[in-house]
Amino acid sequence: MTELNRPRAKYVIGPDGSPLTVADLPPTNTRRWVIRRKAEVVAAVRGGLLSLEEACQRYTLTTEEFLAWQQSIDQHGLAGLRTTRIQHYRN
């Protein structure tokens with residue numbers, strides 16, 4: 031499969047409205063995924079800072095897990111990323 035060479039963004043606007051670069055992303059060994067870190071990774075992929083494949087590989091995520099984060103943000107905002115609220119939002 032041929033991959034298109036799109037120019038990579040130098041920065042994107044993060045979930046808090048500030049510029050977000052690759053250096054600002056969560057560490058690759060992150061194990062505790064708080065709302066802010068999840069939202070930063072989603073913003074990085076959406077803005078072209080990382081591809082979906084790069085994000086999943088970098089953070090050892092499944093595509094389904096990342097897409098669930100993205101869907102939670104779309105449907106419920108940042109509060110949808112709270113693990114304690116997942117069951118509430120699923121109902």
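Just so we're on the same page, the numbering used here is the position in the sequence shown counted from 1, plus 30.
All residues carry an ideal CB built from backbone N, CA and C; glycine is no exception.
This structure is a prediction, so every number in the text was calculated from the model and none was measured.
- Cβ neighbours of G78 in the same chain (closer than 6 Å, five flanking residues each side left out): A39
- Query: To the nearest angstrom, how far is it from the Cα of F96 to the Cα of C86?
  - Reply: 7 Å
- Determine which residues share a DSSP beta bridge with V42 and list them. L50
- Query: Going by Cα to Cα distance, which pick from E70, T60, E94 is closest to D54?
  - Reply: E70
- Quick one, which of D46, R76, Q105 has its alpha-carbon nearest R66's? D46
- Message: Rounded to whole angstroms, what is the Cα-Cα separation between V72 and V52?
- Response: 13 Å
- Message: At the level of alpha carbons, what is the spacing between E83 and L111?
- Response: 21 Å
- Note the first and the last residue of the continuous alpha helix (DSSP H) segment covering T15. There is no way to answer for residue 15, as the model of the chain reaches only from 31 to 121.
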